[in-house]
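These notes are about the structure you will find just below.
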Amino acid sequence: MTPPAGLRPGTAAAWMLAAGLMFAFMDAGMKWLSDHYPPFQVATLRSLSALPLVAVWIVARGRGGSLLRVHWPLHVLRGLLSVGMMVGFVYGLARMPLSTAYAIVFVAPLMITALAVPLLGEKVGPRRWTAICVGLAGVLVVLRPTGDGVATAAGLVVVAAALCYSIAAITVRKLALRDSPEAMVFWFLVLLGVFAGAVAAFDWRPVQAGHLWVIGVVGVSGALGQVALTHAFRFGEASQIAPLEYAALLWVVLLDLAVWQTLPDAMTWLGAAIIVASGLYLIRRERAVGGARDSGIAQTPPP
């Protein structure tokens with residue numbers, strides 16, 4: 001079947017895989033920095049290192065004028081949620097393998113679907129609710145609250161970070177209806193830097209010269225990842241490229257092995273598999289629901 005005009009599935013897939021790789025490098029850099037700086041400072045450095053590059057990208061696209069025509073209350077709310085997401089994730093990265101933190105955060109798409117019911121008034125049928133519950137059970141497998149898992153403060157904080165990310169994603173759905181993608185990226189970084197920096201100032205540690213290259217990696221990979229993600233959604237349909245997000249787990253496993261000489265244990269692999277399988281099923285159901293709506297097959301979306 002010929003894709004709709006303007007869509008290039010192969011190109012979109014390549015961009016999505018590249019975005020996952022770039023964000024994996026960014027998160028690995030933040031994990032390395034978390035051994036030397038407090039979480040709020042790492043979040044601030046993540047913002048400040050990427051912001052100049054994103055600003056250049058926006059100006060090069062001639063989109064600077066779109067930065068001021070925005071819905072400020074939602075941007076501020078997203079900024080506050082982003083601080084909770086970033087700080088919680090960095091706190092977890094300092095205390096667990098990168099791949100384990102990713103496995104937990106992958107529950108976010110399931111949370112987004114569940115939160116869309118009360119926050120956006122969307123309807124979710126029994127099969128999608130089942131996928132959500134199964135995915136949450138996968139998180140419990142990773143955390144292992146009754147065993148030797150990571151259900152410590154770190155594991156629970158990463159779950160909270162995933163929840164912040166999910167609520168922030170709901171705000172993005174609303175912002176996307178009125179604000180430009182460039183404005184959403186730019187103000188995300190600005191507000192993250194302002195809010196996290198305000199807290200970090202009370203416990204700011206001097207940045208060591210030997211760490212500047214890692215901060216540079218975080219900034220460049222974060223900016224390139226955002227650009228790649230933008231191109232992925234430009235050339236492909238969300239329902240087709242979203243599953244490739246899970247390929248990032250492969251990147252972080254390889255980084256864990258190469259940098260920290262660690263691999264997930266069997267229970268983490270099992271929990272991650274459950275979470276990813278639930279997410280992929282949910283994406284398939286979302287696509288089926290969208291297809292039914294578009295074709296007029298059903299008056300109400302299937303579960």
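According to our numbering, the sequence shown is numbered sequentially starting from 1. No residue lacks a Cβ here, since even glycine has one placed at the ideal position from N, Cα and C. These numbers were taken from a predicted model, which means no experiment stands behind them.
Rounded to the nearest angstrom, the Cβ distance from Leu-77 to Trp-251 is 30 angstroms, too far for a contact under 8 angstroms. By the neighbour-count criterion, in which a residue is buried when 16 or more other Cβ atoms sit within 10 angstroms of its Cβ, Val-59 is exposed. Contact between the stretch 122 to 134 and the stretch 102 to 114 is present: 3 or more CB-CB pairs across the two stretches fall below 8 angstroms.
Out of Ile-167, Ala-14, Leu-80 and His-75, the CA that lies nearest to the CA of Pro-118 is found in Ile-167. Where Ser-66 is concerned, there is no enclosing alpha helix (DSSP H), because DSSP gives it neither an H nor an E. Counting other Cβ atoms within 10 Å of its Cβ, Arg-178 stays below 16 and is therefore classed as exposed. Spatial neighbours of Leu-224 in its own chain (CB-CB distance under 7 angstroms, excluding positions within 5 residues in sequence) are listed in chain order as Met-22.
For Ala-248, the uninterrupted alpha helix (DSSP H) segment begins and ends at 248 to 255. When DSSP states are grouped into helix, strand and coil, Phe-89 belongs to the helix group. A distance below 8 angstroms separates the beta carbons of Trp-260 and Pro-97. The beta-carbon separation of Gly-88 and Ala-12, rounded to 30 angstroms, does not stay under the 8 angstroms limit for a contact. Between Arg-128 and Leu-282, the gap from beta carbon to beta carbon is short of 8 angstroms. Thr-152 counts as exposed, since fewer than 16 other C-beta atoms from the protein chains shown sit within 10 angstroms of its C-beta. Within the same chain, and ignoring the five residues on either side of Val-172 in sequence, the residues whose Cβ sits closer than 8 angstroms to its Cβ are Arg-78 and Met-184.
Around Ala-228, the same chain offers Trp-15, Ala-18, Ala-19 and Met-22 as residues with beta carbons nearer than 7 angstroms, after the five sequence neighbours per side are excluded.
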